[in-house]
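Below: the structure, in C-alpha coordinates.
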Amino acid sequence: PSGTIEDRFNLPPGLGTALEIFGESTSNLLGYGFIYTNRDTLSVGTGALLEDLIRTGVNVNDMLDRFKRHPSIAPLLAGGETVEYSAHLIPEGGYNRMPQVYADGVVVVGDAAGFVNPLNREGVNLAMLSGQMAARAIVEATGRGDFSAATLSRYRELLEDSVVIKDLYKIRNVTDFAHARPHLLADYPDLISEMARAYLTVDGKPKAEKYRSLAAMAGRMPKRRLAGDLWGAIKTLR
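Counting with our numbering, you get residues 663 to 900 for the letters of the sequence shown.
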(Lines of atoms letter the chains of each structure in order from A and count residues from 1; the text may use other names and numbers.)
(Lines give C-alpha, C1' and ligand atoms only; values in the text may rest on other atoms or scores of the structure.)
Protein backbone atom coordinates (compact mmCIF):
# COMPACT_ATOMS: atom_id res chain seq x y z
CA PRO A 1 0.00 0.00 0.00
CA SER A 2 1.13 3.56 -0.66
CA GLY A 3 0.97 4.42 3.04
CA THR A 4 3.37 1.60 3.92
CA ILE A 5 5.81 2.71 1.22
CA GLU A 6 5.68 6.31 2.41
CA ASP A 7 6.29 5.24 6.01
CA ARG A 8 9.21 2.94 5.23
CA PHE A 9 10.95 5.38 2.93
CA ASN A 10 10.06 8.47 5.00
CA LEU A 11 8.20 10.09 2.10
CA PRO A 12 5.60 12.84 2.09
CA PRO A 13 2.26 11.74 0.62
CA GLY A 14 2.32 11.50 -3.15
CA LEU A 15 6.10 11.65 -3.55
CA GLY A 16 8.54 8.89 -4.44
CA THR A 17 12.24 8.17 -4.26
CA ALA A 18 14.97 6.31 -6.10
CA LEU A 19 17.72 4.46 -4.23
CA GLU A 20 20.83 3.26 -6.04
CA ILE A 21 23.39 1.15 -4.18
CA PHE A 22 26.90 0.40 -5.40
CA GLY A 23 29.52 -2.15 -4.39
CA GLU A 24 28.35 -5.23 -2.53
CA SER A 25 24.89 -5.01 -4.10
CA THR A 26 26.34 -6.40 -7.34
CA SER A 27 28.99 -8.65 -5.79
CA ASN A 28 31.42 -5.76 -6.37
CA LEU A 29 30.99 -5.91 -10.15
CA LEU A 30 30.53 -2.73 -12.18
CA GLY A 31 26.84 -2.00 -11.80
CA TYR A 32 24.36 -1.17 -9.07
CA GLY A 33 21.33 -2.28 -7.14
CA PHE A 34 18.20 -0.15 -7.10
CA ILE A 35 14.85 0.42 -5.43
CA TYR A 36 12.37 2.75 -7.10
CA THR A 37 9.11 3.52 -5.33
CA ASN A 38 5.91 3.49 -7.36
CA ARG A 39 2.44 4.40 -6.17
CA ASP A 40 1.75 1.09 -4.44
CA THR A 41 4.63 -1.12 -5.58
CA LEU A 42 8.42 -1.15 -5.57
CA SER A 43 10.76 -1.76 -8.49
CA VAL A 44 13.73 -3.70 -7.13
CA GLY A 45 16.67 -4.97 -9.13
CA THR A 46 20.35 -5.21 -9.87
CA GLY A 47 22.41 -4.62 -12.98
CA ALA A 48 25.94 -5.46 -14.05
CA LEU A 49 28.04 -5.71 -17.19
CA LEU A 50 27.28 -8.85 -19.16
CA GLU A 51 30.97 -9.50 -19.79
CA ASP A 52 31.65 -9.35 -16.02
CA LEU A 53 28.85 -11.81 -15.30
CA ILE A 54 30.30 -14.20 -17.88
CA ARG A 55 33.86 -13.72 -16.61
CA THR A 56 33.03 -14.27 -12.94
CA GLY A 57 30.21 -16.79 -13.30
CA VAL A 58 27.98 -14.73 -10.99
CA ASN A 59 24.34 -15.76 -11.38
CA VAL A 60 22.02 -12.76 -11.75
CA ASN A 61 19.24 -14.45 -9.77
CA ASP A 62 21.63 -15.10 -6.90
CA MET A 63 22.85 -11.50 -7.12
CA LEU A 64 19.30 -10.17 -6.81
CA ASP A 65 18.42 -12.51 -3.94
CA ARG A 66 21.59 -11.51 -2.10
CA PHE A 67 20.74 -7.84 -2.57
CA LYS A 68 17.22 -8.33 -1.23
CA ARG A 69 18.55 -10.16 1.85
CA HIS A 70 21.01 -7.41 2.80
CA PRO A 71 20.31 -6.08 6.32
CA SER A 72 19.82 -2.56 4.98
CA ILE A 73 17.43 -3.67 2.23
CA ALA A 74 15.40 -6.52 3.72
CA PRO A 75 13.40 -4.33 6.17
CA LEU A 76 12.29 -2.12 3.27
CA LEU A 77 10.91 -5.15 1.42
CA ALA A 78 9.46 -7.05 4.38
CA GLY A 79 5.99 -8.46 3.70
CA GLY A 80 6.19 -7.81 -0.02
CA GLU A 81 5.64 -10.36 -2.77
CA THR A 82 6.88 -10.56 -6.34
CA VAL A 83 4.09 -9.62 -8.75
CA GLU A 84 6.17 -9.22 -11.90
CA TYR A 85 9.73 -9.79 -13.03
CA SER A 86 11.74 -8.98 -16.13
CA ALA A 87 15.26 -8.68 -17.48
CA HIS A 88 16.66 -6.36 -20.11
CA LEU A 89 20.01 -5.94 -21.83
CA ILE A 90 20.94 -2.25 -21.89
CA PRO A 91 23.34 -1.08 -24.62
CA GLU A 92 25.81 1.36 -23.04
CA GLY A 93 27.98 2.01 -26.08
CA GLY A 94 27.07 5.68 -25.97
CA TYR A 95 28.06 8.33 -28.48
CA ASN A 96 31.06 6.49 -29.90
CA ARG A 97 28.96 3.47 -30.91
CA MET A 98 25.74 5.21 -31.86
CA PRO A 99 24.17 3.65 -34.96
CA GLN A 100 22.68 5.54 -37.88
CA VAL A 101 19.45 6.83 -36.33
CA TYR A 102 17.52 7.47 -39.54
CA ALA A 103 17.03 5.88 -42.96
CA ASP A 104 14.33 5.73 -45.59
CA GLY A 105 11.09 5.40 -43.63
CA VAL A 106 12.86 4.66 -40.35
CA VAL A 107 13.99 6.48 -37.21
CA VAL A 108 15.64 4.81 -34.21
CA VAL A 109 14.90 5.99 -30.65
CA GLY A 110 15.68 5.11 -27.03
CA ASP A 111 18.17 2.45 -26.08
CA ALA A 112 17.87 0.91 -29.56
CA ALA A 113 19.87 3.98 -30.61
CA GLY A 114 22.22 3.69 -27.63
CA PHE A 115 20.71 6.67 -25.81
CA VAL A 116 21.85 5.54 -22.36
CA ASN A 117 23.88 7.65 -19.94
CA PRO A 118 25.53 5.19 -17.53
CA LEU A 119 27.33 7.90 -15.57
CA ASN A 120 24.18 9.80 -14.61
CA ARG A 121 21.92 6.74 -14.54
CA GLU A 122 19.72 8.07 -17.34
CA GLY A 123 17.87 6.17 -20.02
CA VAL A 124 14.10 6.49 -19.75
CA ASN A 125 14.23 10.28 -20.00
CA LEU A 126 16.51 10.11 -23.04
CA ALA A 127 14.13 7.64 -24.67
CA MET A 128 11.22 10.02 -24.07
CA LEU A 129 13.13 13.00 -25.44
CA SER A 130 14.29 11.12 -28.52
CA GLY A 131 10.70 9.96 -29.06
CA GLN A 132 9.51 13.56 -28.99
CA MET A 133 12.12 14.62 -31.52
CA ALA A 134 11.38 11.64 -33.74
CA ALA A 135 7.71 12.62 -33.67
CA ARG A 136 8.56 16.18 -34.70
CA ALA A 137 10.66 14.93 -37.60
CA ILE A 138 7.90 12.53 -38.68
CA VAL A 139 5.26 15.27 -38.52
CA GLU A 140 7.43 17.45 -40.75
CA ALA A 141 7.98 14.53 -43.14
CA THR A 142 4.24 13.86 -43.21
CA GLY A 143 3.61 17.46 -44.16
CA ARG A 144 5.98 17.07 -47.09
CA GLY A 145 4.75 13.63 -48.02
CA ASP A 146 8.39 12.54 -48.05
CA PHE A 147 9.81 9.93 -45.69
CA SER A 148 13.21 9.62 -47.32
CA ALA A 149 16.43 9.54 -45.31
CA ALA A 150 17.17 13.07 -46.49
CA THR A 151 13.95 14.36 -44.93
CA LEU A 152 14.20 12.25 -41.78
CA SER A 153 17.75 13.52 -41.21
CA ARG A 154 15.90 16.34 -39.49
CA TYR A 155 15.65 13.94 -36.54
CA ARG A 156 19.43 13.87 -36.17
CA GLU A 157 19.55 17.67 -36.36
CA LEU A 158 17.05 17.92 -33.51
CA LEU A 159 19.06 15.43 -31.47
CA GLU A 160 22.29 17.37 -32.03
CA ASP A 161 20.67 20.51 -30.61
CA SER A 162 19.32 18.68 -27.57
CA VAL A 163 20.62 17.48 -24.23
CA VAL A 164 20.55 13.92 -25.58
CA ILE A 165 23.54 14.23 -27.90
CA LYS A 166 25.27 16.98 -25.92
CA ASP A 167 25.37 14.88 -22.76
CA LEU A 168 26.28 11.65 -24.53
CA TYR A 169 29.14 13.39 -26.31
CA LYS A 170 30.43 14.79 -23.01
CA ILE A 171 30.69 11.30 -21.49
CA ARG A 172 31.57 9.49 -24.72
CA ASN A 173 34.63 7.78 -23.18
CA VAL A 174 33.13 6.82 -19.81
CA THR A 175 32.11 3.32 -20.89
CA ASP A 176 35.58 2.45 -22.16
CA PHE A 177 37.12 3.94 -19.00
CA ALA A 178 34.93 1.79 -16.75
CA HIS A 179 35.29 -1.39 -18.79
CA ALA A 180 39.07 -1.08 -18.58
CA ARG A 181 38.87 -0.82 -14.77
CA PRO A 182 36.62 -3.59 -13.40
CA HIS A 183 38.13 -2.99 -9.95
CA LEU A 184 36.43 0.42 -9.53
CA LEU A 185 33.41 -0.92 -7.64
CA ALA A 186 35.36 -3.76 -6.07
CA ASP A 187 38.18 -1.87 -4.35
CA TYR A 188 37.04 1.68 -3.68
CA PRO A 189 33.61 1.19 -2.03
CA ASP A 190 34.98 -1.45 0.36
CA LEU A 191 38.00 0.67 1.26
CA ILE A 192 35.97 3.85 1.77
CA SER A 193 33.38 2.00 3.88
CA GLU A 194 36.08 0.42 6.03
CA MET A 195 37.82 3.77 6.55
CA ALA A 196 34.56 5.56 7.38
CA ARG A 197 33.58 2.85 9.86
CA ALA A 198 36.96 3.00 11.57
CA TYR A 199 36.92 6.80 11.77
CA LEU A 200 33.35 7.18 13.01
CA THR A 201 33.28 4.31 15.50
CA VAL A 202 33.56 5.49 19.11
CA ASP A 203 35.96 2.94 20.58
CA GLY A 204 38.09 4.90 23.03
CA LYS A 205 41.15 4.95 20.77
CA PRO A 206 43.13 8.21 20.50
CA LYS A 207 42.62 10.11 17.26
CA ALA A 208 46.32 9.87 16.45
CA GLU A 209 46.02 6.09 16.49
CA LYS A 210 42.94 6.27 14.28
CA TYR A 211 44.77 8.46 11.77
CA ARG A 212 47.64 5.97 11.60
CA SER A 213 45.14 3.18 11.06
CA LEU A 214 43.41 5.12 8.28
CA ALA A 215 46.74 5.83 6.61
CA ALA A 216 47.56 2.12 6.71
CA MET A 217 44.20 1.29 5.13
CA ALA A 218 44.73 3.84 2.38
CA GLY A 219 48.20 2.44 1.81
CA ARG A 220 46.71 -0.89 0.74
CA MET A 221 45.63 0.74 -2.50
CA PRO A 222 48.59 0.73 -4.94
CA LYS A 223 49.58 4.35 -5.51
CA ARG A 224 50.17 3.81 -9.21
CA ARG A 225 46.69 2.39 -9.67
CA LEU A 226 45.13 5.19 -7.63
CA ALA A 227 46.96 7.84 -9.65
CA GLY A 228 46.07 6.12 -12.91
CA ASP A 229 42.39 5.89 -12.02
CA LEU A 230 42.27 9.52 -10.94
CA TRP A 231 44.05 10.79 -14.04
CA GLY A 232 41.92 8.57 -16.26
CA ALA A 233 38.74 9.92 -14.70
CA ILE A 234 39.90 13.52 -15.18
CA LYS A 235 40.75 12.92 -18.84
CA THR A 236 37.47 11.11 -19.44
CA LEU A 237 35.25 13.82 -17.96
CA ARG A 238 37.01 17.01 -18.95
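Note that the Cβ used here is the ideal one computed from N, Cα and C, for glycine as well.
The model shown is predicted, which means the values in this text are computed figures rather than measured ones.
Please report the distance separating the alpha-carbon of residue i from that of residue j.
i, j, result
"Val706", "Ala765", "37 Å"
"Arg731", "Glu686", "12 Å"
"Ser810", "Ile800", "11 Å"
"His845", "Glu713", "14 Å"
"Glu802", "Glu819", "13 Å"
"Phe684", "Leu691", "9 Å"
"Leu711", "Asn721", "12 Å"
"Ala840", "Gly709", "15 Å"
"Val745", "Thr699", "14 Å"
"Trp893", "Glu784", "25 Å"
"Glu754", "Ser815", "23 Å"
"Ser824", "Thr666", "39 Å"
"Ala812", "Tyr747", "41 Å"
"Leu788", "Gly678", "20 Å"
Taking buried to mean at least 16 other C-beta atoms within 10 Å of its own C-beta, is residue i buried or exposed?
i, result
"Gly899", "The identity of residue 899 in the sequence shown is Leu, whereas the question assumes Gly. Leu899 is exposed by the Cβ-count criterion."
"Pro780", "buried"
"Thr718", "exposed"
"Ile752", "exposed"
"Ile697", "buried"
"Gly776", "buried"
"Ile827", "buried"
Please list the terminal residues of the continuous alpha helix (DSSP H) segment that includes residue i.
i, result
"Leu853", "846 to 862"
"Thr666", "664 to 670"
"Tyr873", "869 to 880"
"Val836", "836 to 841"
"Tyr896", "The sequence as given places Ile at residue 896; Tyr does not occur at that position. First-last of the alpha helix (DSSP H) with Ile896: 885 to 899."
"Val722", "722 to 731"
Would you mind reading off the limits of the beta strand (DSSP E) that contains residue i?
i, result
"Leu681", "680 to 683"
On the DSSP bridge assignment, give the partners of residue i in chain order.
i, result
"Leu704", "Thr699"
"Gly693", "Ala710"
"Tyr764", "Val769"
"Glu784", "Asn779"
Counting only runs that start and end within the stretch 799 to 829, where is the alpha helix (DSSP H) found for 4 or more residues in a row? 811 to 822
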